[in-house]
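Student: Got a structure here, written out as structure tokens. Questions coming.
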Amino acid sequence: MKPSDKTKGTKIEKMTEVMLANPVKRRSFLKGLGVVAAAAAAPLGAAKAISDKAEESSFWETFFQKHYKEMSAEDKLKVFARIERETKASHGVEVKVQDPQAIPGVKYAYALNLSRCNGSRRCVTACVRENNQSRHEPEIQYIKVIEMPRGTMDPENGNLYYQGESVPNEGKFYLPVQCNQCNNPPCTKVCPVEATWKESSDGLVVVDYDWCIGCRYCQAACPYEARHFNFAKPNITAEEINPNQSYLSNRLRPKGVMEKCTFCLHRTRNGKNPACHDACPTGARKFGNIMDPESEISKILKEKRVFVLKEELNTMPQFFYYFD
Amino acid sequence: MILRSYALFWMRMIQYAAVGSVKFYLWILFLLALIIPGIAAYYYQFTHGLIVTNLSDQVSWGAYIANFTFLVGVAAGAVLLVVPAYVYHHKPTKDIVIVGELLAVAAIVMCLLFILADMGRPDRFTHVLPILGRLNFPRSVLAWDVIVLNGYLFLNLHVSGYLLFMKYLGRTPNKLIYLPIVFISIFWAASIHTVTAFLYSGLGGRPFWNTAILAPRFLISAFAGGPAILTIAFRSIKSCTKLNVEEGVFDLLKKIVAITMPINLFLLGCELFKEFYTDSTHVASAKYLYFGLHGAHMLTPYIWSAIAMDLIAMIIFVTPRLRSDNRIFIFGSVLAILGIWTEKGMGLIIPGFIPSPLGDIVEYTPSIVEFFVCLGIWSLGGLIFTLLAKVAIGVLTGDLKENSSISSQH
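Top to bottom, those sequences are chains F and G.
First residue of the first sequence: 2, per my numbering; consecutive thereafter.
First residue of the second sequence: 204, per my numbering; consecutive thereafter.
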């Protein structure tokens with residue numbers, strides 16, 4: 002192991018940590034008392050909604066919008082333009098919504114070296130910045146890092162909310178978990194409206210945010226907690242918005258729909274690595290094309306003793322772990 | 204001609220449903236007083252999003268889905284009147300079976316409302332419809348559920364609507380028009396609760412639900428809780444209306460629960476044995492539910508009260524001396540309803556999420572918004588059943604028939 006591997010004493014980025022340390026987002030009962038007030042304000046709110054013409058017109062536009070797979074190229078351009086317009090109206094930010102397609106002959110896989118991961122959660126922060134997640138209420142993060150005691154691989158024994166001045170902590174190892182982009186995904190199977198599916202060639206599991214009905218069945222089905230729900234309209238400021246967006250990945254999500262890690266589809270389908278990969282300070286993350294036998298990922302899968310999480314569920318992840 | 208009298212039938216029904224005694228109006232007012240806050244609470248949720256609930260990414264289903272699950276059982280329970288009435292020609296049951304079918308209708312409407320309340324995007328309900336939508340059938344069990352629940356609603360509306368119309372016209376109903384549908388609806392009743400159980404038991408990542416006896420447990424608890432609800436419904440109908448509900452109906456329901464309630468508890472025991480004797484890591488959810496896990500034990504008092512209520516109800520149901528006393532039997536029925544509602548609603552849905560697949564423990568109790576939405580839906584269901592039953596009773600007692608004037612009631 003190179004000396005740089007053990008980056009002991011790395012200052013963790015406090016902001017995220019403190020937020021992560023907040024264990025339960027149980028909303029107070031008091032908040033509910035607002036209902037009575039809301040009831041009184043109901044007619045007022047309705048009037049406001051109607052007066053808001055721009056929002057009104059895009060409501061009907063999305064109401065009649067087709068499923069992603071049924072849209073023509075022309076339809077898509079209109080939809081992307083609408084999303085750009087909406088973001089401009091809501092945040093004053095010029096964004097570009099694209100729709101990069103799978104690269105022929107490419108199937109992605111991820112491998113994570115648990116001997117190297119030091120639990121800095123840099124991947125978590127980078128992911129949130131890249132993918133325009135809601136920052137608070139709800140706070141959405143695609144990657145969860147579990148601090149694990151030695152001698153177990155059962156996440157129930159670990160701690161999701163570890164905090165402190167530095168990582169890694171004595172006697173612990175760190176297990177980052179995100180979407181496994183399963184080859185046999187339980188989440189897409191259960192979706193009642195096919196709003197989520199596995200892309201046939203590069204294997205990414207994606208969501209059409211404009212088709213999802215928000216039933217959250219996929220969330221119940223996923224054994225990796227990789228699906229995250231927009232319990233409210235996402236909270237993100239203009240400065241936080243990443244303008245490089247794609248329809249199936251990091252564009253701003255509407256309220257009440259599911260979202261998830263797509264291995265940064267908008268980056269990876271353009272030949273880049275996912276944001277979490279590039280943010281890792283220890284080089285624990287390896288990403289690439291398993292169809293290319295010469296790629297680093299192919300070599301790791303061949304040479305390292307890799308394993309997957311919850312193998313007994315036969316989800317067949319495209320996300321592997323190993324120790325070396 | 205028939206269309207004209209059908210349209211008139213509807214008008215007369217609506218008129219008949221709107222006119223009643225002071226007691227009737229008070230009851231309607233009471234229900235409205237609960238429905239209106241429910242609508243306000245739902246409006247609040249609709250505008251702000253599900254963040255006003257206490258649901259989270261960890262516990263993503265709660266009170267709405269728990270009530271939904273219970274009510275599917277209530278709807279399926281109506282079949283316990285349908286079988287004796289149409290298959291065995293049990294006279295006392297045959298006289299009132301339509302009211303039982305209408306209870307199923309009200310229960311299904313409540314189910315659909317609970318699903319709607321749970322959806323993040325209720326405005327996209329068209330996505331489950333044919334042509335407009337893209338129903339993931341047959342892969343998604345939820346797609347199956349959409350079909351079986353709506354189908355059951357349609358079947359029950361068809362049978363009860365047709366029979367009532369014929370009775371109203373004073374004609375003998377054509378068996379070919381309703382009997383095949385009745386037989387389909389008997390199997391369909393089993394299917395709605397089986398499919399609803401499969402929603403949960405089909406998820407490998409949730410070991411607490413991933414059990415083969417979930418569907419049988421759902422059915423048997425429906426056949427224990429259903430008659431309890433039917434008993435209470437028909438006792439109130441008997442005391443408030445002119446409809447003569449013969450004791451034979453209640454005797455039948457008593458016989459049913461004397462068998463189904465012990466089986467319900469037996470199946471619960473089987474589940475407990477499997478969980479706790481095996482004592483694998485999968486026991487965590489059951490441990491959380493019954494004893495608490497890592498200091499979290501919000502549900503323990505509820506599940507033990509549920510089991511206590513189930514047990515007392517069972518003792519009442521199986522002891523001839525106790526169940527023959529109507530008041531004790533009604534008390535037992537109330538306990539059975541509350542016990543089963545807790546045990547297979549909140550006691551089944553919530554622990555499935557605790558601990559989460561990654562070992563996170565986030566507890567859940569409904570928020571005040573959820574509470575009012577639930578109460579509103581239950582009351583709306585009560586209102587729907589009241590009005591449907593009122594009209595049906597009017598037709599069955601001959602108050603409402605083609606050649607009578609509306610004033611002849613009361």
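Cβ atoms here follow ideal geometry from the backbone N, Cα and C, with glycine treated the same way.
The structure displayed is predicted, hence computed values, not measured ones.
Roughly how many whole angstroms lie between the Cα atoms of residue 401 of chain G and residue 320 of chain F?
Tutor: Rounded to the nearest angstrom, the two C-alpha atoms are 28 Å apart.
Student: Pick from G:492, G:518, G:509: whose alpha carbon is nearest that of residue 460 of chain G?
Tutor: Of the candidates G:492, G:518, G:509, the one whose C-alpha sits nearest the C-alpha of residue 460 of chain G is G:518.
Student: Looking at the structure shown, is residue 148 of chain F part of a helix, part of a strand, or coil, going by DSSP?
Tutor: Note: residue 148 of chain F maps to strand in three-state DSSP.
Student: Opposite residue 228 of chain F in the DSSP bridges: which residues?
Tutor: According to DSSP, which records beta bridges pairwise, residue 228 of chain F is partnered with F:261.
Student: For residue 355 of chain G, does the three-state DSSP call read helix, strand or coil?
Tutor: The answer is helix: DSSP assigns residue 355 of chain G an H, G or I state.
Student: Residue 339 of chain G versus chain F: which residues are under 7 Å apart at the beta carbon?
Tutor: 192, 193, 194, 195, listed in chain order.
Student: Would you say residue 554 of chain G reaches chain F, if we count a Cβ-Cβ gap shorter than 8 Å as a contact?
Tutor: Taking Cβ atoms only, chain F never reaches closer than 8 Å to residue 554 of chain G, which makes this a no.
Student: Could you name the residues of chain G that residue 229 of chain F contacts, counting a contact when the two beta carbons are closer than 9 Å?
Tutor: Neighbours of residue 229 of chain F on chain G, chain order: 260.
Student: Do you know whose CA, among G:314, G:590, G:600, lies nearest residue 221 of chain G's CA?
Tutor: Out of G:314, G:590, G:600, G:590 has the C-alpha closest to the C-alpha of residue 221 of chain G.
Student: What residue range does the alpha helix (DSSP H) around residue 90 of chain F cover?
Tutor: 74–92 is the span of the alpha helix (DSSP H), which, as asked, contains residue 90 of chain F.
Student: To the nearest angstrom, how far is it from the Cα of residue 322 of chain G to the Cα of residue 251 of chain G?
Tutor: Cα-Cα distance, rounded: 13 Å.
Student: So what does DSSP say about residue 323 of chain F, is it helix, strand or coil?
Tutor: If DSSP states are grouped into helix, strand and coil, residue 323 of chain F belongs with the strands.
Student: Are three or more beta carbon pairs between the stretch 138–153 of chain F and the stretch 162–174 of chain F nearer than 8 Å?
Tutor: Segments in contact, yes.
Student: If you compare alpha carbons, which of G:278, G:430, G:297 is closest to residue 357 of chain G?
Tutor: That would be G:278, whose Cα lies nearest to the Cα of residue 357 of chain G.
Student: So is residue 602 of chain G buried or exposed if we call it buried at 16+ other beta carbons inside 10 Å?
Tutor: When all chains shown are included, residue 602 of chain G counts as buried.
Student: May I ask you to report which of helix, strand or coil DSSP gives residue 1 of chain F?
Tutor: Chain F is shown only over 2 to 325; residue 1 of chain F falls outside these bounds and no answer can be derived.
Student: Closer than 8 Å is the cut-off here; do at least three beta carbon pairs connect the stretch 548–557 of chain G with the stretch 233–245 of chain G?
Tutor: With a cut-off of 8 Å, the stretch 233–245 of chain G and the stretch 548–557 of chain G do not count as touching, because too few Cβ pairs lie within range.
Student: Going along chain G in order, which residues have a C-beta closer than 7 Å to the C-beta of residue 130 of chain F?
Tutor: Per Cβ cutoff of 7 Å: no residues; residue 130 of chain F is ~20 Å from chain G at best.
Student: List the endpoints of the continuous beta strand (DSSP E) containing residue 99 of chain F.
Tutor: It spans 97–99 - the beta strand (DSSP E) in which residue 99 of chain F sits, taken as one unbroken run.
Student: Just checking my contact of residue 276 of chain F with residue 103 of chain F at CB under 8 Å: how many whole Å lie between their CB atoms?
Tutor: No, residue 276 of chain F and residue 103 of chain F are not in contact; Cβ-Cβ is about 19 Å, not under 8 Å.
Student: With a threshold of 8 Å between beta-carbons, can residue 290 of chain F be considered close to chain G, or not?
Tutor: Cβ-Cβ to chain G under 8 Å: no for residue 290 of chain F.
Student: Would you call the stretch 107–118 of chain F in contact with the stretch 209–216 of chain F, where contact means no fewer than 3 C-beta pairs closer than 8 Å?
Tutor: Segments in contact, no.
Student: Using 8 Å as the Cβ pair cut-off and three pairs as the minimum, do the stretch 451–460 of chain G and the stretch 490–507 of chain G touch?
Tutor: Output reads no: the stretch 490–507 of chain G does not touch the stretch 451–460 of chain G.
Student: Pair every Cβ in the stretch 245–262 of chain F with every Cβ in the stretch 130–144 of chain F, then say whether three or more of these pairs are closer than 8 Å.
Tutor: Result yes; three or more Cβ-Cβ pairs closer than 8 Å.
Student: Apart from the five residues on each side of it in sequence, which residues of its chain come closer than 8 Å, Cβ to Cβ, to residue 257 of chain G?
Tutor: The answer, listed in chain order, is 265, 567, 568, 569, 570, 573.
Student: Are there three or more Cβ pairs, one per stretch, closer than 8 Å when the stretch 373–380 of chain G is compared with the stretch 213–228 of chain F?
Tutor: Contact between the stretch 373–380 of chain G and the stretch 213–228 of chain F is absent, because fewer than three Cβ pairs lie under 8 Å.
Student: Is residue 276 of chain G closer than 8 Å to residue 469 of chain G when the C-beta atoms are compared?
Tutor: No, the Cβ-Cβ distance between residue 469 of chain G and residue 276 of chain G is not below 8 Å.
Student: For the beta strand (DSSP E) containing residue 286 of chain F, list its first residue and its last residue.
Tutor: Per DSSP, residue 286 of chain F belongs to the beta strand (DSSP E) from 286–290.
Student: Compute the beta-carbon to beta-carbon distance between residue 406 of chain G and residue 178 of chain F, rounded to the nearest angstrom, for a pair I have assumed lies under 8 Å.
Tutor: That pair is no contact at about 18 Å.
Student: What residue from G:247, G:332, G:432, G:515 has the CA that sits closest to residue 193 of chain F's CA?
Tutor: The option with the nearest alpha carbon to residue 193 of chain F is G:332.
Student: At what residues does the alpha helix (DSSP H) containing residue 211 of chain G begin and finish?
Tutor: That run of the alpha helix (DSSP H) goes 205–221.
Student: In the DSSP assignment, the alpha helix (DSSP H) including residue 532 of chain G goes from what residue to what residue?
Tutor: That run of the alpha helix (DSSP H) goes 529–544.
Student: From which residue to which residue does the alpha helix (DSSP H) around residue 457 of chain G run?
Tutor: Looking at the DSSP string, the run of the alpha helix (DSSP H) that includes residue 457 of chain G is 450–481.
Student: Since residue 286 of chain G is in the beta strand (DSSP E), which residue starts that stretch and which ends it?
Tutor: Element bounds for residue 286 of chain G: n/a, residue is neither H nor E.
Student: Which of the three DSSP states is assigned to residue 504 of chain G in this structure?
Tutor: Of the three classes helix, strand and coil, the one that applies to residue 504 of chain G here is helix, per DSSP.
Student: Buried or exposed for residue 467 of chain G, please, with buried defined as at least 16 other CB atoms from any protein chain shown within 10 angstroms of its CB.
Tutor: So residue 467 of chain G ends up on the buried side.
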